[in-house]
Amino acid sequence: MHARSHRVRAAGRTALSLALVSATVLTTQLTLVAPAAAALPGLTRVTSTGPSNSDWKTWQAACPANTLLIGGGGRLNGGDGQIVMDTMVPVFGTTDVYSVTGREDDAPGFAGNWSITATALCAQPPVGWEHAEAASVWNSNSSKTITVGCPSGKQVLGAGVEVNGGLGQVVVDDLRPAADLSNVSFTAIEDGTGHTGTWQLRGEVICVTPPAGLNRVSGFGVLDSTPVKSVTATCPSGQRVHGVGGEVDSGAGQVRMTGVDLLSDTQVRVTAAEDEDGFAGNWAPRAYAICA
1022 MHARSHRVRA AGRTALSLAL VSATVLTTQL TLVAPAAAAL PGLTRVTSTG
1072 PSNSDWKTWQ AACPANTLLI GGGGRLNGGD GQIVMDTMVP VFGTTDVYSV
1122 TGREDDAPGF AGNWSITATA LCAQPPVGWE HAEAASVWNS NSSKTITVGC
1172 PSGKQVLGAG VEVNGGLGQV VVDDLRPAAD LSNVSFTAIE DGTGHTGTWQ
1222 LRGEVICVTP PAGLNRVSGF GVLDSTPVKS VTATCPSGQR VHGVGGEVDS
1272 GAGQVRMTGV DLLSDTQVRV TAAEDEDGFA GNWAPRAYAI CA
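Its first residue numbered 1022, the sequence shown is counted upward by one per residue in our numbering.
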């Protein structure tokens, strides 16, 4: 478990990630969330869209000054199911950011242009803010699952997932907050053609002393063979989204999440698409909203 001092360790990764992206932001939007009795003070949603081109890329949304990152999400714009969003992580430094990486899958890749939209959820320092992470071993197993939990008395607000060494051939299948928000379960699976190299799955959670009314809401999509589909999870009346999650049910590595982000201040949307070869089985996306 890491307290706020974890910023120092991650500062180098912030600089590296920033070096991987274009210096020109196409769209950035900062939204102050409408007041709600149980929302964290200063809750702010920052959304930023990067350049559209045919390169693998990382893009980030940054928190305003004097706020902490409590969660975030991302989505791919374009790609026709041939882009793997293999990293959605909080990065803590002088400025907190939520960082999203997309990579084209193996041959033939994707000839068109595509972009990334990253969203950061930020707030004034919440009571009991802590950060925890865990990672799997490096090996060539076709799937991996890890669980990262919060200490007793604290619950999950936000989460992040990263596939190292997957090279666009390993898809994130689960980023699933537990019903009691005590932990988050992460699963990644090699795609339909497999991956000959070794790879690692890493998960992160942001834990806080829970604000009043903190709860998890889910939405389940249609279980069929439609190649692209979306599903939303909506917070109860009077509550706002504080964290996001998603998963693909029965995708067998041939369906990848292309969006796990906020549709609005009260809704989380998860979008998923079959790869270019399609998938004969039935599958469904699931969205999770952490609300307060």
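Glycine included, C-beta positions come from ideal geometry on N, C-alpha and C.
{"Asked": "Report yes or no: do the stretch 1293 to 1306 and the stretch 1264 to 1276 share at least 3 C-beta pairs separated by less than 8 angstroms?", "Found": "yes"}
{"Asked": "Check whether the stretch 1216 to 1224 and the stretch 1176 to 1188 touch, using three or more Cβ-Cβ pairs below 8 angstroms as the test.", "Found": "yes"}
{"Asked": "Tell me the DSSP bridge mates of Ser1120?", "Found": "Gln1081 and Val1110"}
{"Asked": "Decide if the stretch 1235 to 1255 is in contact with the stretch 1154 to 1170; the criterion is three or more beta carbon pairs, one per stretch, under 8 angstroms apart.", "Found": "no"}
{"Asked": "Do Val1118 and Ala1141 have their beta-carbon atoms positioned less than 8 angstroms apart in this structure?", "Found": "yes"}
{"Asked": "From the DSSP output, which residues share a beta bridge with Pro1306?", "Found": "Val1269"}
{"Asked": "For the stretch 1149 to 1220, which segments carrying the beta strand (DSSP E) assignment without a break, of at least 3 residues, lie completely within its bounds, in sequence order?", "Found": "1151 to 1156, 1164 to 1170, 1176 to 1185, 1191 to 1198 and 1204 to 1211"}
{"Asked": "With distances taken between CB atoms, is the gap from Thr1255 to Ala1310 smaller than 8 angstroms?", "Found": "yes"}
{"Asked": "If we count the other Cβ atoms within 10 Å of its Cβ and call it buried at 16 or more, is Gln1145 buried or exposed?", "Found": "exposed"}
{"Asked": "Could you give the first and the last residue of the continuous beta strand (DSSP E) run that contains Gly1092?", "Found": "Leu1089 to Asn1098"}
{"Asked": "Give the range of the beta strand (DSSP E) segment to which Asp1101 is assigned.", "Found": "Taken as a continuous stretch (DSSP letters only), Asp1101 belongs to no beta strand (DSSP E), as it is neither H nor E."}
{"Asked": "What number of angstroms, rounded off, separates the C-alpha of Asp1296 from the C-alpha of Asn1087?", "Found": "41 angstroms"}
{"Asked": "Looking only at C-alpha atoms, which of Gly1266, Ala1233 and Val1276 sits nearest to Leu1284?", "Found": "Gly1266"}
{"Asked": "Inspect the beta-carbon positions of Thr1208 and Gly1174 and report whether they are closer than 8 angstroms.", "Found": "no"}
{"Asked": "Hey, how far is the Cα of Ile1210 from the Cα of Thr1279?", "Found": "15 angstroms"}
{"Asked": "Using alpha carbons as the reference points, say which of Gly1092, Phe1113 and Thr1068 lies closest to Leu1196.", "Found": "Gly1092"}
{"Asked": "In whole angstroms, give me the CA-to-CA distance for Phe1113 and Ala1308.", "Found": "25 angstroms"}
{"Asked": "Return the chain-ordered list of same chain residues with a C-beta closer than 7 angstroms to the C-beta of Lys1250, the five sequence neighbours on each side being excluded.", "Found": "Gly1242, Val1243, Ala1293 and Pro1306"}
{"Asked": "Taking only the alpha-carbon atoms, compute the straight-line gap between Gln1288 and Val1252 and give it to the nearest angstrom.", "Found": "10 angstroms"}
{"Asked": "Can you pull the DSSP bridge partners for Asn1134?", "Found": "DSSP, once it has assigned bridges, lists no residue as partnering Asn1134."}
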